[in-house]
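Colleague: Read in full-length UniProt numbering, the sequence shown has 269 at position 269, and its numbers run on one by one without any break.
Glycine is no exception: its CB is placed at the ideal position from the N, C-alpha and C atoms.
From a predicted model like this one, the values you see are computed outputs, not experimental measurements.
One structure is given below, represented as structure tokens, and several questions about it will come after.
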Amino acid sequence: MTSTPLQTMPAVVMTAAGDPDRLEARDLPQPTLNGPNDVRVRLKAAGVNPIDTKVRRNGTFLPDSLPAILGCDGAGIVDAVGDAVTRFAVGDEVYFCYGGIGTRAGNYAGYTVVAEHVLAHKPASLDFVQAAAVPLVAITAWEALFDRARLQAGQTVLVQAGAGGVGHVAIQLARTIGARVATTVSTADKAALVEKLGAERAIRYRDSDVTAAIMDWTGGQGVDVGMDNIGGKLLEQTFPAVRFYGDVVSLLLPAADTDWRVARQRNQRTSLEVMLTPMLFGLVEAEKHQAQILQECATLIDQGELQIHVSEILPLHRAARAHELIESGSTTGKLVLQID
């Protein structure tokens, strides 16, 4: 097992639960390899996701884990490997989704150490900033559409909030297998974005009856799959747009007062998607599956079939500003922290 001498690195840490000002720039010791299957990555960029803001606001998943380095998404260069590592070598460019929720250190930092099996080779056609925007949203969209809702070629899908991080990837993944996509958006600019990414129907939900628009699009049948990326009442509002015996998948915990009657009457199969489950519960085989998803997405990206929309790039020390932008609710695509 080899590793460079202990040095310091830049990092942004969460000092306590609360507002974005709880994120503080510090110099910390570089992490070292702990086991033969560990890989140390010199991080070049970290994606910022809504889960980061929720952990910062509500606290980490483990007590006594503060200060904590947030950030599940990372991209960088392998700079040290354990003796049992076989798939990666020093100098390899990688991307991954791991850490950042209090169980292990995240990626708002210069370096991180992760197990070999969570890594994938970075898409060759993307720079590190673009690559860091991919993992969490790509895994989430893939698992929601293909593993949970079992979307098939020729089927129709409604992606709620299609201009968001997960939504804009879900549109494209659905198109890669030959599914037809409708989506909801709030503005004309977002409608233009999702149509460029392959959505057949962009529904301005503030100005339109979404269910009526879907029924018009599907000849009165409803879509085969409804994907809720927002939660709250939107899950309940998705049910009438989905056909009898169709599938509904949600990324959020259903509200306690959700009215399930329409879903029940239509015999809809409902699923929940939480891509963090493998990390939270140490499900190694599921973590390997997620790494394989990233490897397949890398192929799609390099073939030009999957694009990632990065709306803003900020330096690492401005992580608090990135959290503010996400919590404003008006962002499209992904925000990324650049690490130099």
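Helix, strand or coil: which one does DSSP assign to L337?
Modeller: Start at 1 with the first residue of the sequence shown, and residue 337 comes out as number 337. If DSSP states are grouped into helix, strand and coil, L337 belongs with the strands.
Colleague: Scan the region 250-314 and note each continuous alpha helix (DSSP H) run of 4 residues or more that stays entirely inside, going in chain order.
Modeller: Listed in chain order, the complete alpha helix (DSSP H) runs (minimum 4 residues) inside the region 250-314 are 261-265, 277-281 and 284-302.
Colleague: Going by beta-carbon coordinates alone, are I69 and G35 separated by less than 8 angstroms?
Modeller: In the sequence shown, residue 69 corresponds to position 69, counting from 1. In the sequence shown, residue 35 corresponds to position 35, counting from 1. Taking 8 angstroms as the Cβ cut-off, I69 and G35 do not qualify as a contacting pair.
Colleague: Looking only at its own chain, which residues have a Cβ that is under 8 angstroms from the Cβ of L27, when we skip the five neighbours before and after it?
Modeller: For the purposes of this step, residue 27 is identified with residue 27 of the sequence shown, where counting begins at 1. Checking the sequence, you will find Asp at residue 27 rather than Leu. So the list reads T8, M9, P10 and A11, once near-sequence residues are dropped.
Colleague: Answer with buried or exposed for F244, where buried requires no fewer than 16 other C-beta atoms within 10 angstroms of its C-beta.
Modeller: As a first step, residue 244 is located in the sequence shown; it is residue number 244 there, counting from the start. F244 is exposed by the Cβ-count criterion.
Colleague: Assess, as a yes-or-no matter, whether the region 55-72 is touched by the region 105-117 under the definition of 3 or more beta carbon pairs within less than 8 angstroms.
Modeller: Verdict: yes, contact present.
Colleague: Measuring only the C-alpha atoms, how far is V118 from H323?
Modeller: Translated into positions along the sequence shown, residue 118 becomes position 118. Translated into positions along the sequence shown, residue 323 becomes position 323. Straight-line Cα distance between these residues: approximately 25 angstroms.
Colleague: Would you report the Cα separation of A191 and D147, rounded to the nearest angstrom?
Modeller: Sequence index remark: in the sequence shown, residue 191 carries index 191 (1-based). Sequence index remark: in the sequence shown, residue 147 carries index 147 (1-based). Looking at the two C-alpha atoms, the distance is approximately 27 angstroms.
Colleague: When you compare only the Cα positions, how much space is there between A153 and A179?
Modeller: If you number the sequence shown from 1, residue 153 lands on position 153. If you number the sequence shown from 1, residue 179 lands on position 179. Between A153 and A179, the C-alpha separation is close to 5 angstroms.
Colleague: Which residue marks the beginning of the alpha helix (DSSP H) containing G167, and which one marks its end?
Modeller: As a first step, residue 167 is located in the sequence shown; it is residue number 167 there, counting from the start. Run containing G167: G165 to T176, per the alpha helix (DSSP H) assignment.
Colleague: In terms of residues, what are the limits of the alpha helix (DSSP H) holding I214?
Modeller: Here residue 214 refers to the residue found at position 214 of the sequence shown. Unbroken alpha helix (DSSP H) run through I214: V210 to W217.
Colleague: What is the C-beta distance between I214 and A182, in whole angstroms, given that I count them as a contact (C-beta under 8 angstroms)?
Modeller: Locating residue 214 in the sequence shown gives position 214, where the first residue counts as 1. Locating residue 182 in the sequence shown gives position 182, where the first residue counts as 1. With a Cβ gap of about 6 angstroms, I214 and A182 count as contacting.
Colleague: So K122 is in the beta strand (DSSP E); what residue range does that whole segment cover?
Modeller: The residue labelled residue 122 in the question sits at position 122 within the sequence shown. K122 -> no beta strand (DSSP E), and no H or E assigned at all.
Colleague: What residues in its chain sit with their C-beta under 8 angstroms from that of D21, if we drop five residues either side in the sequence?
Modeller: On the sequence shown, residue 21 is found 21 positions in, with the first residue counted as 1. Within the same chain, D21 has close Cβ partners A320.
Colleague: Let me know the secondary structure DSSP gives L23 once reduced to three states.
Modeller: Taking the sequence shown and counting its residues from 1, one reaches residue 23 at position 23. In the structure shown, L23 sits in a strand (DSSP, three-state: E or B).
Colleague: Give me the Cα-Cα distance between G232 and V48, rounded to the nearest whole angstrom.
Modeller: Working through the sequence shown from its first residue, we reach residue 232 at position 232. Working through the sequence shown from its first residue, we reach residue 48 at position 48. One C-alpha to the other measures close to 22 angstroms.
Colleague: Taking a contact to mean a Cβ-Cβ separation below 8 angstroms, would you say P31 touches R40 in this structure?
Modeller: Locating residue 31 in the sequence shown gives position 31, counting from the first residue. Locating residue 40 in the sequence shown gives position 40, counting from the first residue. Yes, these two residues count as a Cβ contact at 8 angstroms.
Colleague: Could you tell me which residues DSSP puts in a beta bridge with T8?
Modeller: Position 8 of the sequence shown holds residue 8. Answer is P29.
Colleague: Among all the DSSP beta bridges, which residues are the ones paired with G74?
Modeller: As a first step, residue 74 is located in the sequence shown; it is residue number 74 there, counting from the start. G74 pairs with A46 and F96.
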